[in-house]
Amino acid sequence: MSLFYKERYNQERDRQGDNRIGNEFIQDIDTVVNKIKHDLSPVEEKKIHQLRDELVDMHGRKIVKINHSVMELICAKFLVQNGFDVSLEYQVSELSTDIYATKGFGSLIVEVETGFVPPDHALDPIDYLKARIASIITRYSAYSNKFVLAATPYYIMQIPPCLTKPPRFRTKEEISYVKKLCDQYYSNPPVNEEEIRNARLHSIYIVDVDNGIVREWEVNEYMGKASLWKV
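All residue numbers for the sequence shown refer to our numbering, where the first residue is 26 and numbers rise by one.
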């Protein structure tokens, strides 16, 4: 096969592969929509279908992947039913939030965590994920009235305990610890001590993907259960 035809063959193979993956994404998203729409009002269902269309478009532009998108859509249903207007992959300052929701004059950010560890951190997954969670709380929580982490029941998030306290109760030593932890993995740009001091985590969403439901937990309730799984 000539170089020209080999390149054309590879391009066509990649295009067909992208189409196949795109079709699978649409099928999976539509399965989720059909699963969660049974108790929605017509107005709420319309909002979910709009978000579904936005996710499909973003997947075509290689912005989102299925695991995140499924969890985002289930969380969106929970928020829509609680009177929020919901945007997915919403830009706030220089950050792209998974979910940005508003109700009246209030705002809420939800960051979805799957527990994925890249191959580069196969030897330090706990520290990596702990730093990731700390960095997300520190960077994102300043941009809304309420900040929430969402995770599945099978991923136990390692949240630094000092970030579950009200800011006024954090010690200099705790702030320094979080700063050092984040700087090991996320230094571009680095978090600063003021961001750590003022960061807030208001609640946890546990996302049951199989059944398409969300349960909201208080942070201390989650931490009490998560502590049982520490090695």
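Glycine included, every Cβ here is placed at the ideal spot set by N, Cα and C.
Just so it is clear, the structure is predicted and the values come from calculations on it, not from any experiment.
- Item | Length at least 3, wholly inside the segment 111-139: the beta strand (DSSP E) runs in chain order | 120-128 and 131-138
- Return the first residue and the last residue of the alpha helix (DSSP H) that Leu98 is part of. Stepping through the sequence shown from its first residue, residue 98 is reached at position 73. Start and end: Ile91 to Gln106.
- Message: With three or more C-beta pairs closer than 8 angstroms as the rule, is the segment 192-210 touching the segment 151-164?
- Response: Yes: the two stretches touch, three or more of their Cβ pairs being nearer than 8 angstroms.
- Message: Extract the residue ranges of the beta strand (DSSP E) inside the segment 184-245, only unbroken runs of 3 or more that lie entirely within it.
- Response: 228-233 and 238-243
- Item | Inter-stretch contact (C-beta, 8 angstroms, three-pair minimum) for the segment 91-103 and the segment 48-61 | Contact between the segment 91-103 and the segment 48-61 is present, because at least three Cβ pairs lie under 8 angstroms.
- Query: In angstroms, rounded to a whole number, what distance separates the CA positions of Asn107 and Pro67?
  - Reply: As a first step, residue 107 must be located in the sequence shown, where it is residue number 82. As a first step, residue 67 must be located in the sequence shown, where it is residue number 42. If I take the Cα positions, the gap works out to 15 angstroms.
- Query: By the 10 Å Cβ neighbour count, where 16 or more other Cβ atoms means buried, how is Asn236 classified, buried or exposed?
  - Reply: To locate residue 236, count along the sequence shown from 1; it is residue 211. Exposed, since its Cβ has fewer than 16 Cβ neighbours within 10 Å.
- Query: By DSSP, does Val142 sit in helix, in strand, or in coil?
  - Reply: As a first step, residue 142 must be located in the sequence shown, where it is residue number 117. Residue state, collapsed to three classes: coil.
- Message: Please return the same chain residues whose Cβ sits closer than 7 angstroms to the Cβ of Asp39, not counting the five positions on each side in sequence.
- Response: Counted from its first residue, the sequence shown places residue 39 at position 14. Model confidence at Asp39 stands at a pLDDT of 48, short of 50, so the residue's coordinates are unreliable; what they give is reported in the following sentence. There are no such residues.
- Query: If you pair each beta-carbon of the segment 141-148 with each one of the segment 185-195, do three or more pairs fall below 8 angstroms?
  - Reply: no
- Task: Determine the burial state of Lys72: buried for a count of at least 16 other Cβ atoms within 10 Å of its Cβ, exposed for fewer.
- Result: As a working mapping, residue 72 is identified with position 47 in the sequence shown. With 16 or more neighbouring CB atoms inside 10 Å of its own CB, Lys72 falls in the buried class.
- Sequence-distant residues of its chain with Cβ nearer than 8 angstroms to Gln116 (five each side left out): Walking along the sequence shown from the start, residue 116 turns up at place 91. Once the five neighbours on either side are set aside, the close Cβ partners of Gln116 are Thr122.
- Message: Given a cut-off of 7 angstroms on the beta-carbon distance, is the pair Val203 and Ala159 in contact?
- Response: Residue mapping note: residue 203 aligns to position 178 of the sequence shown, counting from 1. Residue mapping note: residue 159 aligns to position 134 of the sequence shown, counting from 1. Yes, they are a contact pair.
- Is Gly42 buried or exposed, if buried means 16 or more other CB atoms sit within 10 Å of its CB? Counting from 1 along the sequence shown, the entry for residue 42 is found at position 17. Bear in mind that a pLDDT of 47 at Gly42, under 50, signals an unreliable position, so the number given afterwards is only what the model happens to contain. Under this definition Gly42 is an exposed residue.
- Query: CB-CB under 8 angstroms to Tyr211, same chain, minus the five flanking residues each way: which ones, in chain order?
  - Reply: Here the question's residue 211 lines up with position 186 in the sequence shown. Same-chain partners within the cutoff: Ala156, Arg157 and Ser160.
- For Val173: DSSP bridge partner residues: Position 148 of the sequence shown, counting from 1, holds the residue named residue 173. Answer is Val135 and Ser228.
- Query: Would you report the Cα separation of Glu136 and Val232, rounded to the nearest angstrom?
  - Reply: Taking the first residue of the sequence shown as 1, we reach residue 136 at position 111. Taking the first residue of the sequence shown as 1, we reach residue 232 at position 207. Answer to the nearest angstrom: the Cα atoms are 12 angstroms apart.
- Message: Here's a check: name, in chain order, each residue in its chain whose Cβ is nearer than 6 angstroms to the Cβ of Lys128, leaving out the five neighbours to either side.
- Response: Working through the sequence shown from its first residue, we reach residue 128 at position 103. Contacts found: Gly108 and Phe109.
- Message: I need the DSSP call for Pro178, collapsed to helix, strand or coil.
- Response: Counted from its first residue, the sequence shown places residue 178 at position 153. Three-state result, Pro178: coil.
- Residue from Ile229, Leu188 and Met182 with nearest C-alpha to Ile134: As a working note, residue 134 is residue 109 in the sequence shown. The option with the nearest alpha carbon to Ile134 is Ile229.
- Item | Own chain partners of Val95 with C-beta closer than 8 angstroms, once the 5 adjacent residues on each side are dropped | Locating residue 95 in the sequence shown gives position 70, where the first residue counts as 1. Closer than 8 angstroms at Cβ, skipping near neighbours: Asp53, Ile54, Val57 and Val234.
- Message: On the criterion of 16 or more Cβ atoms from any shown chain inside 10 Å, does Tyr247 qualify as buried, or is it exposed?
- Response: Working through the sequence shown from its first residue, we reach residue 247 at position 222. Per the 10 Å Cβ criterion, buried.
- Message: Let me make sure I understand the geometry here. Which of Val89, Phe50 and Leu226 has the alpha-carbon closest to that of Thr189?
- Response: Taking the first residue of the sequence shown as 1, we reach residue 189 at position 164. The option with the nearest alpha carbon to Thr189 is Leu226.
- Query: How would you call Pro185, buried or exposed, if buried means at least 16 neighbouring beta carbons within 10 angstroms?
  - Reply: What you label residue 185 is simply residue 160 of the sequence shown in a count that begins at 1. Classification of Pro185: buried, given that the 10 Å Cβ count is 16 or more.
- Message: Please return the same chain residues whose Cβ sits closer than 7 angstroms to the Cβ of Leu253, not counting the five positions on each side in sequence.
- Response: Sequence index remark: in the sequence shown, residue 253 carries index 228 (1-based). Scanning its chain for C-beta atoms nearer than 7 angstroms, with the 5 sequence neighbours on each side dropped, one finds no residue around Leu253.
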